[in-house]
Amino acid sequence: TPGISRSGGGTGFIGTALTQLLKARGHEVTLISRKPAPGRITWDELATSGLPRCDAAINLAGENILNPLRRWNEAFQKEVLSSRLQTTHLLARAITKAPHPPQAWVLVTGVAYYQPSLTAEYDEDSPGGDFDFFSNLVTKWEAAARLPGDSTRQVVVRSGVVLGRGGGAIGHMLLPFRLGLGGPIGSGHQFFPWIHIGDLVGILAHAVEASHVQGVLNGVAPASTTTNAEFAQALGAALGRPAFIPLPSTVVQAVFGQERAIMLLEGQKVVPRRTLASGYQYSFPELGAALKEVVA
Numbered sequence: 001t002p003g004i005s006r007s008g009g010g011t012g013f014i015g016t017a018l019t020q021l022l023k024a025r026g027h028e029v030t031l032i033s034r035k036p037a038p039g040r041i042t043w044d045e046l047a048t049s050g051l052p053r054c055d056a057a058i059n060l061a062g063e064n065i066l067n068p069l070r071r072w073n074e075a076f077q078k079e080v081l082s083s084r085l086q087t088t089h090l091l092a093r094a095i096t097k098a099p100h101p102p103q104a105w106v107l108v109t110g111v112a113y114y115q116p117s118l119t120a121e122y123d124e125d126s127p128g129g130d131f132d133f134f135s136n137l138v139t140k141w142e143a144a145a146r147l148p149g150d151s152t153r154q155v156v157v158r159s160g161v162v163l164g165r166g167g168g169a170i171g172h173m174l175l176p177f178r179l180g181l182g183g184p185i186g187s188g189h190q191f192f193p194w195i196h197i198g199d200l201v202g203i204l205a206h207a208v209e210a211s212h213v214q215g216v217l218n219g220v221a222p223a224s225t226t227t228n229a230e231f232a233q234a235l236g237a238a239l240g241r242p243a244f245i246p247l248p249s250t251v252v253q254a255v256f257g258q259e260r261a262i263m264l265l266e267g268q269k270v271v272p273r274r275t276l277a278s279g280y281q282y283s284f285p286e287l288g289a290a291l292k293e294v295v296a
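Written out as structure tokens, the structure reads:
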């Protein structure tokens with residue numbers, strides 16, 4: 001069986017779903033985590049002993065940016081940066097030094113790379129990455145992952161908002177919606193690029209297994225030209241609840257801070273042109289079916 005060595009983030013929401021999918025497809029999975037445990041290596045072991053022999057390395061490590069319990073200050077910004085850049089540097093270096101480098105190296109970043117707009121449409125070749133904290137973060141993060149030479153295929157998946165049971169963005173949204181208190185955020189006109197967890201991990205497995213896949217893939221559903229108001233309405237419908245109580249932008253800014261609030265109040269229309277061209281077939285291309293599965 002091909003061995004997949006998977007990097008940090010292995011125990012999180014996406015990591016858990018990805019591990020299940022890879023094991024179901026006959027792969028062996030090793031996690032890299034802070035604490036030692038069976039089937040894992042630690043970051044310290046990676047730094048001292050190098051990367052164990054494997055077919056692919058996947059990096060999912062990253063601090064939860066939208067944690068409402070954390071104040072958006074310089075300390076948290078530094079943590080958000082280092083939690084992504086350090087692990088990515090460490091893994092990229094281990095891959096470069098490996099006597100038998102993996103065939104594939106896959107990194108998950110975000111659609112925050114593209115500038116929020118009510119009119120622009122972005123595909124994987126669109127410019128971005130240089131207008132605020134988050135777009136700069138994605139640029140630095142993807143740069144940290146870049147390997148010299150081409151002995152290892154490199155894939156970057158820029159993920160939208162991940163919808164899935166028991167985690168991701170939907171976890172925070174469900175309670176107000178179940179109580180009939182949900183609704184659009186801010187104006188509701190902003191785009192809301194989303195993807196079902198099953199498709200995000202499906203794209204990652206596809207990137208690992210299909211030897212022709214390389215470069216940037218947008219990790220969004222093909223119906224991701226959804227606005228925030230349409231998303232709120234669809235979530236209300238999936239729960240059988242009204243969804244018309246808007247969350248005013250002033251409240252969002254007060255809870256998350258000005259810079260983070262932009263992620264919720266402004267959005268990007270992102271299309272997965274290269275993802276579809278690579279032959280990936282979506283399980284949840286439509287929002288209604290995706291949400292029904294999530295709230296079931």
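In full-length UniProt numbering, the protein residues as written are 1 to 296.
Virtual Cβ for every residue (Gly too), placed ideally from N, Cα, C.
Because the structure is a prediction, the values reported are computed rather than measured.
**Q.** Nearest-angstrom Cα separation, counted from Ile32 out to Glu79
**A.** Going from the Cα of Glu79 to the Cα of Ile32 covers about 19 angstroms.
Q. Are the beta-carbon atoms belonging to Gly186 and Ser249 less than 8 angstroms from one another?
A. Yes, these two residues count as a Cβ contact at 8 angstroms.
Q) If you draw a straight line from the alpha carbon of Lys269 to that of Phe133, how long is it in whole angstroms? A) A direct Cα-Cα distance of roughly 19 angstroms separates Lys269 from Phe133.
Q) In its own chain, which residues sit with a C-beta less than 6 angstroms from the C-beta of Gln190, not counting the 5 before and 5 after it? A) If we look at Gln190 and ignore the five residues flanking it on each side, its Cβ neighbours are Asn228, Glu266, Gly267.
Q: Pick out whichever of Thr109, Gly62, Ala104 has its Cα sitting closest to the Cα of Leu217.
A: Out of Thr109, Gly62, Ala104, the CA that lies nearest to the CA of Leu217 is found in Thr109.
**Q.** Backbone secondary structure at Ser190 - three-state DSSP
**A.** Note on residue identity: the sequence assigns Gln, not Ser, to residue 190. Coil, per DSSP.
Q) For the beta strand (DSSP E) that contains residue 360, what are its first and last residues? A) Outside the displayed range of the chain (1 to 296) lies residue 360, so it cannot be described from this structure.
Q | Alpha carbon of Pro246 to alpha carbon of Ala94, nearest angstrom | A | Distance between the alpha carbons of Pro246 and Ala94 is about 48 angstroms.
Q) How many angstroms separate the CA atom of residue 312 from the CA atom of Gly202? A) One cannot answer for residue 312 here, as it falls past the ends of the chain, which runs 1 to 296.
Q) Looking at the unbroken alpha helix (DSSP H) that takes in Gly202, where does it start and where does it end? A) Looking at the DSSP string, the run of the alpha helix (DSSP H) that includes Gly202 is 197 to 209.
(Q) Could you tell me the alpha carbon to alpha carbon distance between Leu85 and Phe13, rounded to whole angstroms? (A) Computed Cα separation, rounded: 20 angstroms.
Q: Give the secondary structure of Lys269 by DSSP, where H, G and I count as helix, E and B as strand, and everything else as coil.
A: Lys269 falls in the strand class under three-state DSSP.
Q: Count the other CB atoms, across all protein chains shown, that sit within 10 Å of the CB of Pro127; report buried if there are 16 or more and exposed otherwise.
A: With fewer than 16 Cβ atoms within 10 Å of its Cβ, Pro127 is classed as exposed.
Q | Enclosing beta strand (DSSP E) for Arg40 [first to last residue] | A | Here the beta strand (DSSP E) through Arg40 covers 40 to 42.
Q) Nearest CA to the CA of Asp55: which residue from Leu91, Gln103, Leu235, Glu74? A) Comparing Cα-Cα distances from Asp55 to each of Leu91, Gln103, Leu235, Glu74, the minimum goes to Gln103.
(Q) Using a 10 Å radius around the Cβ and a threshold of 16 neighbouring Cβ atoms, would you call Arg25 buried or exposed? (A) Looking at its Cβ environment, which holds fewer than 16 other Cβ atoms inside 10 Å, Arg25 is exposed.
Q | Which residues DSSP lists as bridging Gly171, in chain order | A | For Gly171, DSSP records no beta bridge to any residue.
**Q.** Leu264 versus His100: straight-line alpha-carbon distance, rounded
**A.** Going from the Cα of Leu264 to the Cα of His100 covers about 43 angstroms.
Q) If we ignore side chains and look at the alpha-carbon of each, how far apart do Ile58 and Glu259 end up? A) A straight line joining the alpha-carbon of Ile58 with that of Glu259 spans about 29 angstroms.
Q | Outcome for Asp199 when other beta-carbon atoms lying within 10 angstroms are tallied against a minimum of 16 | A | It counts as buried.
(Q) Suppose you measure from the CA of Leu66 to the CA of Gly188; what does that come to, to the nearest Å? (A) Going by the C-alpha atoms only, they are around 19 angstroms apart.
Q) Would Thr30 pass as a contact of Gly39 if the rule is Cβ separation under 8 angstroms? A) Going by C-beta atoms, Thr30 is nearer than 8 angstroms to Gly39.
Q) beta strand (DSSP E) containing Ala92: first to last residue? A) Unbroken run through Ala92 is the alpha helix (DSSP H), 74 to 97; no beta strand (DSSP E).
Q | Contact set for Thr1: own chain, Cβ-Cβ below 8 angstroms, skip 5 residues either direction | A | Because Thr1 carries a pLDDT of 42, less than 50, the predicted location of this residue cannot be relied on, and the following value inherits that uncertainty. Result list for Thr1: Gly26, His27, Glu28, in chain order.
Q | For Asn228, the first and last residue of its enclosing alpha helix (DSSP H) | A | Per DSSP, Asn228 belongs to the alpha helix (DSSP H) from 228 to 239.
Q: Determine the DSSP secondary structure at Val255, reduced to helix, strand or coil.
A: Collapsing the DSSP output to three states places Val255 in a helix.
(Q) Taking 8 angstroms as the threshold (C-beta atoms), are Ala243 and Gln253 in contact? (A) No; because the gap between Cβ atoms is not below 8 angstroms, this pair is not in contact.
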